[in-house]
Amino acid sequence: MNSTQWNSNAENIEICVQKGKEQLPTSPKRLQFSEAGSSKQISKPDLESKVKEVDAEVHAKEARKQNRYSQMGMQLEYVPPSHREGKVIIQIEEEDVNELKEYWDNALIGYVLEDTPYEKSMVNYIESVWDFVDKPQILYHHEGYYVFRFSNVKDKEAVMQAGLYNYHNKPLILQNWERDFQFDPKCITTIPLWIQIPSLSVGYWIADAPSKVASGVGIPMYTDKYTAELGKISYARVLVKVDITKPLVESVEIIIPTSVKQQEIVYEWKPRFCAECLHFGHDVFECWKSNKPEETEEFQIPKRRNRGRRRRIIQEWKPKEQQEKEEKQEETKGVQNLTGEEEDYMKVKQTRKARRYKMLQEKGNKANH
C-alpha cells in the first residue's frame, strides 16, 4: 500500500467517526466537585450542627477510651512476699502510703450514735447544714460510718469548729481522718467532746495553758476560732477526745504563780453510756441487762392431764369388819393432822355416820324378823 492509499483510508475512517458521534444521544454533563460546591453553598446553621456532631463523636470516643482505662484501674507490679513459719508475711512501709496522706488530710470521719443513716438522707442533711462551705465528697462505709472529704483544710476546720451537730435528735460525732481507724459501735470508748473552761483569764489563753487544762479531761485536739483569735472572752472552748467509760472530770485544780484555783469544766453535751452492755443511750441504772430479775426456780414443764380412757375399776370382796376397820384407821389418820375446828367437824361427822349405821342395822334386823 502506497502513501496515497493510506491517507485516503485514514480520511474515510475519520469521517465515519464524526458521523457516529453526531448520531449518538447526548448525556447531561456531570458536574465536578468544584462546580457542585460553587453551585450550592451550605448555610451557617447546618455547618454549626455538623461541627457539633463531630465534636460529640470525638468526646464519645474519648469517654469510651477513659472508661476502658477506669475499668482497668491501677497498674500493679509483682512484689515477692516473705515466708516465716509457714505463713505469708506482707510488710507495708511508710513510704508506700505517704502519697495518700495529703489526699486524706482534708477528710473527717463521722458517725451517728445509735443510728445508721441512709446515704441519700445523709447527703440531704449535709447539704442543708454545711451550706457555709463547699459540698464535700461523701463516702459511705458499710460498717456504718461516713467519710467527708473537703476540697481544702479551711472548710474542714470550719465544719469542726461550727459546733455540735444532731441528726434526728442523735449526735453526729466528727473526728479527723485516721489511716488505721477501726469502727465498731460496741467498742467505741473515746469520742470528741466540746468543753468550756469558764472564768479562765484571757492572759492564759495561749496554746500551752489550754492544752494543760484540757489534758486533765482527755486528749486535747484544738480550740475553736473565737478562742484562738480572742473573739469571745467568757470561756475558752476546746475539743477534747474523752474516754466515756470513765466518769467525766467535772473540775481540775490549777496552780498558777499567784494562787491555786479550782477550775470548773463544762461539757456542751454529755453522752449516756452504759458500762454493763457497752451501749449508748442509757446508763447502768436504766440497763435492762443489769435490772433483769434472776431466775432462782428452774422452769418445769407442766404435766399434761391424762385425757385417755378411764381406768378399769376392779371390785374386790372384803369382809365387812375389815372394811370398817380400814375406814376408821383412815379417819383417825386424817383427824391427827386437823386443826381444832376441823377436828370438831370430823367428830360430828363420825357421830352422824354412827347413827346412820345404827339405823340401817336396826332396819336390817327388823326385815330379818
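Going by my numbering, 546 is the number at position 317 of the sequence shown; the sequence numbering is gapless.
Where a beta carbon is used, it is the ideal one built from N, C-alpha and C, also for glycine.
Note that the structure is predicted; figures quoted are calculated from it, not measured.
task = Taking only the alpha-carbon atoms, compute the straight-line gap between Cys506 and Ile402 and give it to the nearest angstrom.
result = 21 Å
Residue ranges of each alpha helix (DSSP H) within the region 352-436, 4 or longer: 382-390
Exercise. Find the nearest neighbour of Tyr433 within the set Val326, Tyr464 and Asp334, judged by alpha-carbon distance.
Key: Tyr464
Kindly indicate which residue of Gln404, Lys399 and Lys316 has the alpha-carbon position closest to the one of Gln390. Gln404
Secondary structure at Glu482, three-state DSSP: helix, strand or coil? strand
Check: Is it the case that the Cβ atoms of Asp472 and Gly447 are separated by a distance below 8 Å?
Finding: yes
By a C-beta neighbour count over all protein chains shown, 10 Å radius and 16 as the cutoff for buried, is Asp360 buried or exposed? exposed
Contact between the region 353-373 and the region 307-323 (3+ Cβ pairs under 8 Å)
no
* Expressed to the nearest angstrom, what Euclidean distance is found between the alpha-carbon atoms of Ala436 and Gln304? -> 46 Å
Quick one: grab the DSSP three-state call for Arg501. coil
- Query: Which term fits Glu264, buried or exposed, when burial requires 16 or more other beta carbons within 10 angstroms of its beta carbon?
  - Reply: Low confidence applies to Glu264: its pLDDT is 46, below 50, so where it sits in the model is not reliable enough to give any reading.
query = If you check the beta carbons only, do Pro500 and Ile420 fall under 8 Å apart?
reply = yes
Checklist entry - So Tyr451 is in the alpha helix (DSSP H); what residue range does that whole segment cover? => result Where Tyr451 is concerned, there is no enclosing alpha helix (DSSP H), although the beta strand (DSSP E) it sits in stretches over Ile448 to Thr452.
Item to complete: Return the chain-ordered list of same chain residues with a C-beta closer than 7 Å to the C-beta of Phe410, the five sequence neighbours on each side being excluded.
Response: Ile338
### Query
For the beta strand (DSSP E) that Val308 lies in, which residues bound it at each end?
Looking at the DSSP string, Val308 is not in any beta strand (DSSP E), and its letter there is neither H nor E.
message: Going by the DSSP bridge assignment, what does Lys490 pair with across the sheet?
response: Ile483
- request: For the alpha helix (DSSP H) containing Lys316, list its first residue and its last residue.
  value: From DSSP, Lys316 is part of no alpha helix (DSSP H) but of the beta strand (DSSP E) over Lys316 to Ile318.
>> Taking DSSP's pairing of strands, which residues face Arg313 in a bridge?
In response: Lys316
query = Which residue from Gln551, Leu459, Ala387 and Tyr455 puts its Cα closest to that of Ala336?
reply = Ala387
Nearest CA to the CA of Lys475: which residue from Ile417, Arg408 and Pro427? Ile417
> Relative to the alpha-carbon of Phe379, which residue among Gly392, Pro365 and Gly373 has its alpha-carbon at the smallest distance?
Replying inline: Pro365
Worksheet entry | Residues that DSSP places opposite Ile338 in a beta bridge | Val376 and Gln404
Taking the CB atoms as reference points, tell me whether Ile483 and Val431 lie closer together than 8 Å.
-> no
* Burial state of Val287, where buried means 16 or more other Cβ atoms lie within 10 Å -> exposed
Please name the residue or residues paired with Arg466 in a DSSP beta bridge.
Gln425
Notebook entry, point to check: Which class does Tyr347 belong to by DSSP, given the choice of helix, strand or coil?
Noted result: coil
Going by the beta-carbon positions, is the gap between Ile367 and Val352 smaller than 8 Å? yes
Among Gly593, Val376 and Glu545, which residue has its Cα nearest to the Cα of Val341?
Val376
Point to revise | Pair within 8 Å by beta-carbon distance, Gln425 and Glu479 | key: no
Check: Can you give the beta carbon distance from Pro427 to Val495, rounded, assuming they're within the 8 Å contact cut?
Finding: 6 Å
Alpha carbon of Glu183 to alpha carbon of Ile319, nearest angstrom | Here the chain has residues from 230 to 598 only, and residue 183 is not among them.
ask   = Do you know offhand how far Glu590's Cα is from Arg584's?
value = Inspection of the sequence shows that residue 590 is occupied by Gln rather than by Glu. Using only the alpha carbons, I get a separation of about 10 Å.
- Item | Proximity below 8 Å, CB of Trp423 to CB of Leu468 | yes
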